[in-house]
Amino acid sequence: MGGKAGKPDLKPESLSAQGLHWLDPATGEITPPVHISATYARDEANQLHQAGFSYARDHNPLYRQLEALLTRLEGGEEALVFSSGMAAATALLQGLRPGERALFPKIMYWALRNWMVEFSGSWGLGLDFYEPGDTASLEAAAAQSSPALIWVETPANPTWEVTDLAAAAQVARTHGAILAVDSTVPTPVLTRPIEHGADFVFHSATKYLNGHSDIVAGALVARRADHPFWVRAKAQRAYGGGILGPFEAWLLLRGMRTLYLRVRTASQTALALARHFEGHPAVASVLYPGLESHPGHAVARKQMQGGFGGMLSLRIAGGRQAALDVACALQVFTRATSLGG
Ligand code: PLP
C-alpha cells in the first residue's frame, strides 16, 4: 500500500492514469501487487501490523487505492468498491428503514428495479416511480410519496433519457430525501453528480471503469462519510460480504488508468454513429443524448462535459424481427450483454 504523493493539482486524467501516483512503500513498485492473503498476522503483543488490516473481508490494500482514486474523481469524501454493481446498489438501498419509501425512475437498469420490486414489500418499504427525464413528474411523485431516497440513472439504460441532476437534487432537498445517482454510463469523465447536489454516486464498475469486459465490480461514492446511509452501506459490505476479489481489484485499477481516453473516444464514436444513422431510411429513430433532436439534449449539454457517452440505441424501421436481423448481422460489435468494454 502506498501513500498519497502530494500532487494535488494534477488533472483527473493524470490521477487516473497514475493510480494517484501511489507507490509500494517497500519496493517503490509503481504497479501494486495482487494482495491475495485472506488474513493478516498479529505480533507477539497481539497487535496488527497495520491498523485496519485484520481479515480480507473487507480489508485489502488495493481497495484503499481504488477508493481514494474514485473519491477524488467524483469529488466525494469516501468510496467503497464491491463485488458487483448490484452488490453496491443494494448495500446502499438496504440503508432504508421499514416504512420508508424509495422513488425510482420507470426506465432504469432492469435488475435493480426487479430487486426493489421483489424485496421492498417483504421489508416493509414503499416503492414509487417517476418518468425519467421529466422534473415535473419527479416533483409530483415526491410530493405525493415523501420518499426517503430518490434514485436517478442518467443517461438511463437502455433508452438514454437524461435527468436534470441539479433539479433532482432540489426536489430531494425539498422533500428531505437523499439523492443517489447511477452514473455508470457517463462516468466521472463526463458527469460528477456530487457537484450537482447528489448525496451518493453509484457505478457498475463492470462497465466503463474497468473497460475490458473482464471483471464484475461495483462502487459507491459518498458526498459525506458520516451520512447514516453510508455508515450502513459500509457495514453491509463488511458483514454482508459483497467484497471485490483481489484479482478483480487489480484489474479495475489497471482498467481505470485508461478511463479518460476510452470514455472520450467512445463518446466521439457514438456521436458519429448517431449522426450517421439519424434520418437513415432503415432506422425509425436514434436515441442518443448528443443529438440535438434528443429531448434531453439541453440538460445533457448542461451537466455532461466533454461528450455524451458511448451508449446509443437504434429503433429499426420494420419492428422486432427487422431489429433482430440487424443485430444478427453485426460484424464489429459482439452480440453480448453488458457495455463499456
Ligand atoms: N446499472 C447499470 C446502468 C448497468 O448497466 C448495470 C449492468 O448492466 C448495473 C447497474 C448492474 O451492475 P452489475 O452488472 O455490475 O452488477
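Residue numbers (the working numbering): 3 to 343.
By construction, the Cβ of each residue, glycine as well, lies at the ideal position given by its N, Cα and C atoms.
CB contact flag (residue i, residue j, <9 Å)
i	j	result
Ala235	Gln333	no
His177	Ser215	no
Ser269	Phe202	no
Trp162	Leu17	no
Gly247	Met88	no
Gly243	Ile217	no
Ala40	Ala53	no
Ala227	Glu69	no
Ala91	Leu114	yes
Phe249	Val36	yes
Ser206	Ser86	yes
Leu261	Gly213	yes
Val187	Gly312	yes
Leu98	Ala47	no
Contacts around residue i, its chain only, beta-carbon distance under 6 Å, and the 5 residues preceding and following it disregarded
i	result
Pro190	Leu75 and Glu76
Val173	Leu140, Glu141 and Ala144
Ile152	Leu105, Ala174, Ala179 and Leu181
Asp184	Glu155 and Phe204
Tyr210	Thr189, Val265 and Gly342
Thr339	none
Thr165	Pro134, Gly135, Val154 and Thr156
Glu15	Tyr262
Leu129	Ala104, Met118 and Ser122
Lys6	Unreliable placement is indicated for Lys6, whose pLDDT of 49 sits below 50; the coordinate value is still reported in the next sentence. There are no such residues.
Trp232	Ala224
Pro195	Leu167, Val183, Ser185 and Val203
Ile38	Pro248
DSSP three-state assignment for residue i, whether helix, strand or coil
i	result
Asp60	coil
Trp153	strand
Pro283	coil
Pro27	coil
Leu17	helix
Leu22	helix
Arg115	helix
Val334	coil
Met3	Its pLDDT being 44, under 50, Met3 is placed unreliably by the model, and the measurement read from it follows with that caveat. Met3: coil per DSSP, three-state reduction.
7 Å Cβ shell around residue i - same chain, five flanking residues per side excluded
i	result
Pro160	Ser315
Ala169	Thr137
His299	Pro291 and Leu293
Arg239	Asp60, Leu82, Phe84, Ala93 and Ile245
Ser56	Tyr42 and Leu50
His198	Leu167, Ala168, Ala171 and Gln305
Ala19	Arg259
Arg44	Leu50
Ala276	Val288, Tyr290, Gly292, Leu293 and Leu314
Sequence-distant residues of its chain with Cβ nearer than 8 Å to residue i (five each side left out)
i	result
Lys108	Phe131, Tyr132, Glu133 and Pro134
Pro34	Met3, Gly4, Gly21, Trp24, Asp26, Pro63, Leu64, Gln67, Trp252 and Leu255
Gly126	Pro100 and Gly101
Arg337	Ala329 and Cys330
Ala319	Pro283, Ala284, Val285 and Ala286
Met110	Pro134, Trp153, Glu155, Ala158, Asn159 and Asp184
Gln307	Leu192 and Thr193
His296	Trp162, Val164, Leu289, Tyr290 and Ala302
Ser124	none
Phe279	Val285, Val288 and Leu316
Pro230	Gly97
Thr271	Gly312
Complete alpha helix (DSSP H) runs within the segment 122-202 (minimum length 4 residues, chain order): 137-147, 167-176 and 189-192
Runs of alpha helix (DSSP H) lying entirely within the segment 204-280, each at least 4 residues, in chain order: 230-242, 248-258 and 261-279
Length at least 4, wholly inside the segment 286-331: the alpha helix (DSSP H) runs in chain order: 299-305 and 321-331
Segments assigned beta strand (DSSP E), at least 3 residues, entirely inside the segment 52-103: 80-84
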